[in-house]
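Below is one structure, written out as structure tokens, with a few remarks after it.
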Amino acid sequence: MSKPKGFEKPTGFRDYTPLVVNKLRTIERNVLECMERWGYRQIITPTIEYYDTVGVASSTSDRKLFKLLNSRGTTLVLRSDLTAPIARVVSSLLKDEQLPLRLSYHANVFRSIEEEAGREAEFFQTGVELVGDDSPEADAEVVALAIASLQAAGVSSFKIAMGHMGFLNGLLEEVIPGQTAQQAALKEGLLGRDYVGYRQSIEELNLEPKPKEQLEAILRLRGGKEVCAHAAELSSSAEAAQSIAHLCAVFEVLEAYGVSEHVLIDLTMIGDFSYYTGMTFEGYAAELGSPVCSGGRYDNLLQQFGRSLPATGFALKTNRIIDGVHGITMEENKPVLIQYDKARRAEALAEAARLRSAGQNVVTSLLSDQEVTEPAAEVVASSGGSSVRSARDVYDQVITYQAEQGGR
């Protein structure tokens with residue numbers, strides 16, 4: 021392997037220029053303030069966690085974790101999401117706090133991409149976790165907050181696709197009971213949106229016409245509230261019926277929030293089927309084909325940290341919003357330049373302090389001897405005052421403090 025050049029960086033990592041950082045921080049601030057207004061308190065967890073705790077509990081596959089060893093030979097991981105670390109904190113430092121807990125976060129996460137083109141190994145997530153409430157009201161709250169957060173991030177045109185893991189689990193167990201490998205293959209097809217592969221997996225099962233139609237009908241279960249009735253007719257499974265009833269109740273709460281126009285029910289939406297246990301959802305912006313947010317219910321995670329509690333939440337995919345959505349357009353906040361000679365240094369720095377206290381960005385610069393000896397006419401200021409010129413390419417304005425030529 022050749023030695024990297026001085027300006028190169030690892031594949032999947034990026035530099036953020038000042039204008040991009042400004043947009044990132046604006047989105048972060050707007051979204052966290054939105055979450056705070058909904059009662060969510062911000063939490064920060066370590067960048068590095070133990071593999072045997074947070075690493076194995078994460079929804080991220082083991083091959084995508086960044087692993088390292090500490091000086092004692094213990095395996096550590098760079099955090100690949102925030103949900104597992106927050107579950108660890110909820111089960112320890114916050115175990116005595118009143119439920120439900122509402123927590124928010126904004127942080128960078130790391131996932132190995134095996135040098136896949138266009139994919140990022142480090143990216144930012146902004147999200148929430150609602151712990152200790154398994155009601156439809158709680159699921160609807162995180163969906164409604166995801167909608168409000170997308171709007172706060174400048175995403176104006178989007179749709180939330182909402183499904184339920186329990187419905188698919190119940191239907192599959194009804195149609196192909198006990199066939200774990202075959203059920204997993206069908207779920208993989210839905211998870212990857214590989215509907216051709218999904219239908220091929222159905223064909224390989226050699227089912228009778230009715231169960232075959234039941235499995236194929238899942239692909240048509242997308243739309244508004246009417247989907248709930250169609251889904252209820254499709255399966256006689258108690259788990260499926262209970263799941264659809266829960267999903268319909270969530271949709272009714274979203275109608276009360278006044279945000280159901282942004283939501284469609286999509287029973288092919290299953291999220292990470294090894295992780296989510298109930299309602300799942302993804303948000304798609306009009307400008308992008310990939311989701312800008314995702315979330316759902318994960319009631320089994322906290323028991324891995326010794327505290328069995330229901331939980332639900334979501335995360336915005338902040339990098340995708342920064343790069344692909346143009347709802348927030350940033351203009352560079354150009355500073356004022358105050359330049360001065362030694363004779364008027366104190367006066368110039370006092371003016372800089374005054375402007376900064378008033379909220380202005382100010383850069384100061386000592387004029388060189390040549391600049392003092394041969395001042396440009398448009399920037400000269402006498403000891404009785406200062407003249408201002410515009411330098412729009414770099415500065416909002418330039419103010420020069422310079423003694424009169426005859427006074428030198």
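Okay, so the sequence shown: first residue is 21 according to our numbering, each after it adds one.
Note that beta-carbon positions come from the ideal geometry of N, C-alpha and C, so glycine has one too.
Each of L44, A172, R340 was checked against the Cα of E53, and the nearest Cα belongs to A172. C-alpha of L329 to C-alpha of V247: approximately 30 angstroms in a straight line. Taking the Cβ atoms as the reference, L357 lies roughly 33 angstroms from V51, outside the contact range of under 8 angstroms. Taking all protein chains in view, the Cβ of K207 is crowded by 16 or more other Cβ atoms within 10 Å, so the residue is classified as buried. The shortest C-alpha to C-alpha distance from Y421 to any of D361, Y415, A378 is the one to D361. With respect to P30, V74 sits apart: the two C-beta atoms are not nearer than 8 angstroms. The straight-line gap separating the alpha-carbon atoms of E367 and E424 is approximately 14 angstroms. If you draw a straight line from the Cα of V162 to the Cα of E275, it comes to about 14 angstroms.
A Cβ-Cβ distance of about 14 angstroms is found for the pair L188 and R242, leaving them out of contact under the 8 angstroms criterion.
Only residues of its own chain outside the window of five on either side were considered, and among them E194 have a CB closer than 8 angstroms to the CB of S256, listed in chain order. Under the 10 Å beta carbon count, R131 is surrounded by 16 or more other beta carbons and is classified as buried. Take L88, set aside five residues on each side of it, and the residues of its chain with a beta-carbon closer than 7 angstroms to its own are L96, in chain order. Secondary structure at S385: strand, using DSSP grouped into helix, strand and coil.
Here V175 really is in contact with V312; their C-beta atoms are around 6 angstroms apart, less than 8 angstroms. A contact is defined here as three or more CB-CB pairs under 8 angstroms, and the segment 318-333 fails this definition with respect to the segment 343-352. Minimum Cα-Cα distance from A249 among the listed residues R376, L210, Q234, C268 corresponds to C268.
A Cβ-Cβ contact shorter than 8 angstroms links T338 with T146. Fewer than three pairs of CB atoms, one per stretch, sit closer than 8 angstroms, so the segment 225-242 makes no contact with the segment 153-169. The distance from the Cβ of A260 to that of G183 is about 12 angstroms, inconsistent with a contact at the 8 angstroms cut-off. Within the segment 264-305, the complete beta strand (DSSP E) segments of 3 residues or longer fall at 283-286, 299-305, listed in chain order. One thing to note: F178 has its Cβ within 8 angstroms of the Cβ of A305. Rounded to the nearest whole angstrom, the C-alpha separation of T94 and L387 is 56 angstroms. Excluding its 5 nearest sequence neighbours in each direction, S310 has C-beta neighbours in its own chain below 7 angstroms: R340, listed in chain order.
Bridge pairing for G344: absent [DSSP]. For K43, the number of other beta carbons within 10 angstroms of its own is at least 16, and it is reported as buried. Bounds of any beta strand (DSSP E) do not take in M350, whose DSSP letter is neither H nor E. Under DSSP, the beta-bridge partners assigned to R317 are T332.
In this structure V148 is buried. Its beta-carbon is surrounded by 16 or more other beta-carbon atoms within 10 angstroms.
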